[in-house]
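**Q**
Numbering (the working numbering), first residue to last: 661 to 1117.
1. Can you tell me the Cα-Cα spacing of residue 927 and residue 1102, whole angstroms?
2. Please say whether residue 722 and residue 805 have beta carbons closer to each other than 7 Å?
3. Looking only at its chain, what residues have a beta carbon closer than 6 Å to the beta carbon of residue 691, apart from the 5 residues adjacent to it on each side?
4. Could you give the first and the last residue of the continuous beta strand (DSSP E) run that contains residue 892?
5. Using three-state DSSP, classify residue 802 as helix, strand or coil.
6. Is the segment 962–978 touching the segment 889–908 in the sense that three or more CB pairs, one from each, lie closer than 8 Å?
7. Going along the chain, which residues of its own chain have a beta-carbon closer than 8 Å to the beta-carbon of residue 1097, five neighbours each way excluded?
8. In chain order, what residues of the same chain have a beta carbon less than 6 Å from the beta carbon of residue 881, not counting five sequence neighbours either side?
9. Beta carbon of residue 718, beta carbon of residue 799: below 7 Å?
10. Check for me: the beta strand (DSSP E) holding residue 1002 runs from which residue to which?
11. Are three or more beta carbon pairs between the segment 901–915 and the segment 1044–1058 nearer than 8 Å?
12. With DSSP as the reference, label residue 726 as helix, strand or coil.
13. Of all the options 801, 745, 829, which has the alpha carbon lying nearest to the alpha carbon of residue 726?
14. State the Cα-Cα distance for the pair residue 611 and residue 843, rounded to the nearest angstrom.
15. Return the residue from the list 1107, 1080, 1075 that minimises the CA-CA distance to residue 1089.
16. Quick check: residue 756 and residue 767, are their CB atoms within less than 7 Å of each other?
17. Take residue 917 as the anchor and find which of 906, 685, 930, 905 has the nearest alpha-carbon.
18. By Cβ distance, which residues of its chain are closer than 6 Å to residue 1115, with the 5 residues on each side in sequence left out?
19. Using a threshold of 7 Å, state whether the C-beta atoms of residue 729 and residue 782 are closer than that.
20. Grouping DSSP H, G and I as helix and E and B as strand, with all else coil, what is residue 1052?
21. Rounded to a whole number of angstroms, what is the C-alpha to C-alpha distance between residue 778 and residue 847?
22. Using alpha carbons as the reference points, say which of 875, 869, 788, 1020 lies closest to residue 823.
23. Under the rule that 16 or more other beta-carbon atoms within 10 Å means buried, what is residue 698, buried or exposed?
24. When you compare the segment 928–948 with the segment 895–904, are there three or more beta-carbon pairs, one atom per stretch, that lie closer than 8 Å?
25. Kindly list the residues whose CB is nearer than 6 Å to the CB of residue 915, restricted to its own chain and excluding five residues on each side of it in sequence; keep chain order.
26. Would you mind stating whether residue 871 and residue 838 have Cβ atoms separated by less than 7 Å?
27. Based on Cα-Cα distance, which residue from 834, 1034, 1019, 694 lies nearest to residue 1064?
28. Which runs of the beta strand (DSSP E) at least 3 residues long sit entirely within the segment 867–935? Give them in chain order.
29. Any heavy atom of the ligand MN closer than 6 Å to the Cβ of residue 719?
30. Quick one: residues in its chain with C-beta nearer than 8 Å to the C-beta of residue 795, no 5 flanking neighbours on either side, listed in chain order?
31. In chain order, what residues of the same chain have a beta carbon less than 8 Å from the beta carbon of residue 959, not counting five sequence neighbours either side?
32. Out of 1037, 1028, 1084, point me to the one whose CA is closest to residue 1049's CA.
33. Let me know the beta strand (DSSP E) ranges lying completely inside the segment 939–993, each 3 residues or longer, listed in chain order.
34. Which one of 878, 980, 982, 884 has the shortest CA to CA distance from residue 944?
35. Is residue 1075 closer than 7 Å to residue 1082 when the C-beta atoms are compared?
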């Protein structure tokens, strides 16, 4: 019996020898964690090595670009430039930006300032992306390069011309003409070159005096619409005269139907309706259907807006009596298409919000005459407009005609011919359901076209 018990205990002890499955799993987990850490360290080391190599290559490219700039014989030919340089399997973007530093220390576009042109600042930026991070990496080197000889002497002077586009970027290839006017100015022996990649042109070593600077480029205009704008510059011995122009590709704008009228709805406009284009403090009023404009993001207003005729501008109407102008007043009925809408780089459609309503003539009248009623501002209402008259022809008493007028308060009368005596018949006025951002009120032959509406709650 005792021997049998000993044999059983020995068998149990032998069955417990070795590792259990739990011990094996724990050991494998620890090993996997250590292996993952080692692998991550190796990968990080490889990435860091790759990044260091990329940065070293970028630094070499930047130094090469600076060396190339320093070896340029004519520093006036050094301007902005962008190129792509491959190194191995990596592409690098090399960007060169330049600017003149004047003797007075100023660092202005094209070297405009009071001192003479002393140095050219050259900045080289090499950028790239790699698999280590989607974020762009950069290496930047700067240097000052002095001309091989003085740009200007104590007795001569310099004229610097800068030309910018509507967005503020450089306008390249603009022809620059500098002609002597007075004060001892003489003709230039070396005419200035067209504007470079920085939009700059220079005339150096000229006799002090007053010169007329004129710029030209096919299809370009300045904000006033001039195709060949000019400016008179006076220089002094050892000094710099400068002028910056805004000049860009002209846009031909053509007026269209009222902006706040649903598409596909026909409307009759006055026989002669001026259109006002406004951008900040710049205002241009034209009486033709098509005009050439500087490529600003213009606001289009129906009618001749001025300090004495403000009611044609919907934003001039005061907020009062729970009425307000919609923030989308200068967008189409879709809420996003602007009234001044470029269709190509050189063309645009110009649609203005207007007062749209229906009119049915009385008797045999076929001509409708609309005359401004409020020539001065009405408290909390119509801002007023100087006396203005619009004429509609082809009207009828048989059916109502949808017409459009600038915002404001109008007295409507009918006649049988243009320039004829007003008839006693009173036109019938009605609102039109196809127009937005408009409140129409009428009494007898007077109609108020109010751009203010009750805001949606």
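Note that the Cβ used here is the ideal one computed from N, Cα and C, for glycine as well.
**A** Judging by the given coordinates:
1. Inter-residue distance for residue 927 and residue 1102 is about 19 Å (C-alpha atoms, whole angstroms).
2. Not closer than 7 Å, so no.
3. Excluding sequence neighbours, residue 691 sits near nothing in its chain.
4. 890–894 is the extent of the beta strand (DSSP E) around residue 892.
5. Residue 802: strand per DSSP, three-state reduction.
6. Counting Cβ pairs under 8 Å, fewer than three are found: no touch.
7. For residue 1097, where only same-chain residues beyond five positions count, the Cβ hits under 8 Å are 920, 974, 985, 986, 988, 989, 1013, 1111, 1113.
8. If we look at residue 881 and ignore the five residues flanking it on each side, its Cβ neighbours are 887, 910, 954.
9. Between residue 718 and residue 799, the CB-CB gap stays under 7 Å.
10. Membership of residue 1002 in the beta strand (DSSP E) is indicated by the continuous run 1000–1004.
11. Contact fails: fewer than three Cβ-Cβ distances are below 8 Å.
12. Correct three-state label for residue 726: helix.
13. When only C-alpha atoms are compared, the closest one is 801.
14. As displayed, the chain neither begins before 661 nor continues past 1117, which places residue 611 out of reach and without an answer.
15. Comparing Cα-Cα distances from residue 1089 to each of 1107, 1080, 1075, the minimum goes to 1107.
16. For residue 756 and residue 767, no; Cβs fall outside 7 Å.
17. Minimum Cα distance to residue 917 is reached at 930.
18. Hits under 6 Å: 984.
19. Going by C-beta atoms, residue 729 is nearer than 7 Å to residue 782.
20. Three-state result, residue 1052: strand.
21. Distance between the alpha carbons of residue 778 and residue 847 is about 24 Å.
22. For residue 823, the nearest C-alpha among the options comes from 875.
23. Here residue 698 is exposed. Its C-beta has fewer than 16 other C-beta atoms within 10 Å.
24. Using a Cβ-Cβ distance cut-off of 8 Å, the segment 928–948 and the segment 895–904 are not in contact, since fewer than three pairs of beta carbons, one from each stretch, lie closer than that value.
25. 935, 949, 1010.
26. For residue 871 and residue 838, yes; Cβs fall inside 7 Å.
27. When only C-alpha atoms are compared, the closest one is 1019.
28. If only uninterrupted beta strand (DSSP E) runs of at least 3 residues are considered, those enclosed by the segment 867–935 are 870–876, 890–894, 900–906, 911–915.
29. The ligand MN is not part of this structure, which contains no ligands at all.
30. Correct list, in chain order: 789.
31. Only 937, 938, 939, 990, 999, 1000 meet the Cβ criterion.
32. Cα-wise, what sits closest to residue 1049 is 1028.
33. Segments of the beta strand (DSSP E) lying fully in the segment 939–993: 942–946, 950–953, 959–962.
34. A check of alpha carbon separations from residue 944 across 878, 980, 982, 884 identifies 884 as the nearest.
35. Closer than 7 Å, so yes.
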